[in-house]
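See structure below.
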Amino acid sequence: MESMESMESITYDIAPGGDIEIVLNKPNEQNIIPRYRLGVDTDYTHFQCPEFKNPPCDGRYAVLSKLYEDPRNYKVLIRVSSSHLKFASRTFRVMLEGPWKEGASSSEPFRQINATGWDALAFVIVLDAIHGRHLDIPDKPTLGLLTRVATVIDYYECHEPLYVYFDRWLNHNPEVGCRMNDILFQKTLLCLYVAWVFSDNVMFNKMARVIFRHSEGLSAIDTSDVPSGGVLERIDKKRQHALQNLFQSLEGVEMALLTEKKCPEGHSSDCLCRTLGGLMRAKFKLVYFNNPLQYPHVQAPYEGYSIASFLDMIENVEKPRSAPSSCAVEGRMRTIIRNVETCFVDFTQEESTEDYGIPFDSIRVENVDSDSGDD
Numbered sequence: 251m252e253s254m255e256s257m258e259s260i261t262y263d264i265a266p267g268g269d270i271e272i273v274l275n276k277p278n279e280q281n282i283i284p285r286y287r288l289g290v291d292t293d294y295t296h297f298q299c300p301e302f303k304n305p306p307c308d309g310r311y312a313v314l315s316k317l318y319e320d321p322r323n324y325k326v327l328i329r330v331s332s333s334h335l336k337f338a339s340r341t342f343r344v345m346l347e348g349p350w351k352e353g354a355s356s357s358e359p360f361r362q363i364n365a366t367g368w369d370a371l372a373f374v375i376v377l378d379a380i381h382g383r384h385l386d387i388p389d390k391p392t393l394g395l396l397t398r399v400a401t402v403i404d405y406y407e408c409h410e411p412l413y414v415y416f417d418r419w420l421n422h423n424p425e426v427g428c429r430m431n432d433i434l435f436q437k438t439l440l441c442l443y444v445a446w447v448f449s450d451n452v453m454f455n456k457m458a459r460v461i462f463r464h465s466e467g468l469s470a471i472d473t474s475d476v477p478s479g480g481v482l483e484r485i486d487k488k489r490q491h492a493l494q495n496l497f498q499s500l501e502g503v504e505m506a507l508l509t510e511k512k513c514p515e516g517h518s519s520d521c522l523c524r525t526l527g528g529l530m531r532a533k534f535k536l537v538y539f540n541n542p543l544q545y546p547h548v549q550a551p552y553e554g555y556s557i558a559s560f561l562d563m564i565e566n567v568e569k570p571r572s573a574p575s576s577c578a579v580e581g582r583m584r585t586i587i588r589n590v591e592t593c594f595v596d597f598t599q600e601e602s603t604e605d606y607g608i609p610f611d612s613i614r615v616e617n618v619d620s621d622s623g624d625d
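Counting with this note's numbering, you get residues 251 to 625 for the letters of the sequence shown.
Right, here's the structure in full:
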């Protein structure tokens with residue numbers, strides 16, 4: 251392995267003559283691509299991972315192109331201004347005004363700050379914006395680049411210099427966003443994180459709802475180097491609560507079918523038997539083939555089960571008659587199913603506008619059951 255001294259340097263001057271030199275070591279080592287799996291016995295590697303590449307390095311960023319051919323052989327030297335860093339970034343301000351000391355002796359004209367692993371293009375885009383250099387900053391970055399930029403903004407707490415880009419990057423960018431029925435979890439997770447960092451309430455709600463309905467539990471998700479900030483844990487807690495209500499309601503339907511002498515519409519016991527048989531087959535298919543150790547009683551944290559798969563099971567239960575009726579499982583669970591289908595994950599921005607990011611304590615799921623509120 252090459253020593254740091256033998257690595258070739260790429261110089262990127264943002265503030266020529268500036269009093270700070272940031273040394274970006276091991277550029278582009280960050281991995282922002284989440285991994286996911288469907289089913290408790292499925293390995294992550296069974297699913298294809300899109301690369302979420304950056305766009306080409308054009309304009310002033312062309313000097314960074316060689317990094318994307320072999321980043322291990324380079325380090326990036328970035329000359330910047332300490333006054334700009336301290337004004338724009340809480341993290342840099344603490345580093346430069348606190349007891350932190352590093353690198354240069356008093357005889358040298360600048361001090362050095364070391365950074366490691368960041369995507370080089372994303373890193374210098376943020377630093378350019380901090381210094382008011384907006385030329386060549388892309389108007390429509392790819393989702394991969396946007397996520398990498400968001401991780402830098404999040405870490406260095408420098409949202410305001412990039413604020414002017416938030417709307418165009420998120421709401422007028424075909425590279426970003428998922429349809430409500432899009433369960434490509436990698437894209438959904440990245441959009442969720444970007445929406446959190448940029449405080450985009452609308453996009454955050456949409457992505458959170460996709461995850462709430464289609465996630466099969468935290469063990470199925472690996473966010474790699476993208477911090478989740480606790481939001482996935484909060485959404486999963488609500489997922490578990492909804493599934494608990496659904497499975498408990500299903501057990502109530504099973505007990506009713508076993509004990510009733512006639513169905514609610516007064517049909518013979520044959521109607522009850524056919525409904526019970528269809529329900530048992532559908533539940534067996536969902537539960538036993540997913541986790542046979544839990545059959546017939548599913549327990550928290552409901553790993554391997556999604557709200558969407560439960561609702562699909564109920565919809566596909568064989569009905570005793572061609573027309574929907576209160577005899578059928580779907581009819582008996584109509585209220586709770588309607589509540590779950592119309593529920594949404596939401597949050598409120600109660601903190602000051604200076605504190606960017608979504609306060610996860612305010613995340614809530616509404617209408618999960620008839621008398622539910624927040625946990």
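Note that beta-carbon positions come from the ideal geometry of N, C-alpha and C, so glycine has one too.
Nonlocal neighbours in the same chain, by C-beta distance under 7 Å from Val313, ignoring five residues either side | Ile260 and Tyr262
Following the continuous alpha helix (DSSP H) through Ser332, name the residue where it begins and the one where it ends.
-> Ser332 to Ala338
C-alpha distance - Ala309 paired with Pro424, whole-angstrom precision | Note on identity: in this sequence residue 309 is Gly, with Ala being the wrong assignment. The alpha-carbon atoms of Gly309 and Pro424 are separated by roughly 22 Å.
Pick from Ile363, Pro411 and His422: whose alpha carbon is nearest that of Thr392?
-> His422
Do Ile270 and Ser331 have their CB atoms nearer than 8 Å?
-> yes
Apart from the five residues just before and just after Met257, which ones in its own chain have a Cβ nearer than 7 Å to its Cβ?
-> So the list reads Asn323, Tyr324 and Lys325, once near-sequence residues are dropped.
Can you give me the start and stop residues for the beta strand (DSSP E) that Ser315 sits inside?
-> Premise fails: Ser315 is in no beta strand (DSSP E) and is neither H nor E.
Where Ala265 sits in the DSSP three-state scheme = coil
Taking buried to mean at least 16 other C-beta atoms within 10 Å of its own C-beta, is Met441 buried or exposed?
-> First, the amino acid is wrong: residue 441 is Cys here, not Met. Buried: at least 16 other Cβ atoms inside 10 Å.
Three-state secondary structure (DSSP) at Glu258?
-> strand
Tell me the start and end of each unbroken alpha helix (DSSP H) in the region 448–475 that is at least 4 residues and wholly inside, in chain order.
-> 451–464
Under the DSSP definition of a beta bridge, which residues are partnered with Thr341?
-> The partner list for Thr341 (beta bridge, DSSP) is empty, contrary to what the question assumes.
Residue nearest to Ile272 in terms of C-alpha spacing, selected from Val376, Pro284, Tyr318 and Pro305 | Val376
Go through its chain and collect everything with a Cβ distance to Leu529's Cβ below 6 Å, but skip five positions before and after it.
-> Val567 and Val579
Smallest Cα separation from Tyr318: which of Gly267, Leu371 and Gln362?
-> Distances from the CA of Tyr318 to each of Gly267, Leu371 and Gln362 were compared; the closest alpha carbon is that of Leu371.
Where Asp378 and Gly268 are concerned, what is the direct C-alpha to C-alpha distance, given to the nearest angstrom?
-> 13 Å
Any idea if Asn364 is buried or exposed, counting beta-carbon neighbours within 10 angstroms, 16 or more meaning buried?
-> exposed
DSSP three-state assignment for Gln490, whether helix, strand or coil = helix
Same chain, Cβ closer than 8 Å to Ser474, neighbours up to 5 away in sequence not counted | Asn281, Ile282, Ile283, Pro284 and Arg285
Look up Ile272 in the DSSP assignment and say whether it is helix, strand or coil.
-> strand
DSSP three-state assignment for Ser282, whether helix, strand or coil | With the sequence shown as reference, residue 282 is identified as Ile, and Ser is not the correct amino acid for it. Here Ile282 sits in coil by DSSP.
Beta carbon proximity, Ser315 to chain B, threshold 8 Å | Among the protein chains of the structure shown there is no chain B, as only one such chain exists.
Span separating the alpha-carbon of Tyr413 from that of Ile264 | 20 Å
Got a sec, what are the start and stop residues for the beta strand (DSSP E) Ile363 sits in?
-> Arg361 to Thr366
By Cβ distance below 7 Å, which residues in the same chain neighbour Arg398 in space, the five residues on each side in sequence not counted?
-> Gln280, Ile282, Asp369 and Ala372
Hey, how far is the Cα of Pro306 from the Cα of Asn495?
-> Taking the straight line joining both Cα atoms gives about 49 Å.
For Ile461, which of Gln490, Glu510 and Pro277 has the nearest alpha-carbon?
-> When only C-alpha atoms are compared, the closest one is Gln490.
Kindly list the residues whose CB is nearer than 8 Å to the CB of Met205, restricted to its own chain and excluding five residues on each side of it in sequence; keep chain order.
-> With the chain covering 251 to 625 only, the question about residue 205 has no answer from this structure.
Opposite Val326 in the DSSP bridges: which residues?
-> DSSP links Val326 through a beta bridge to Ile260 and Leu274.
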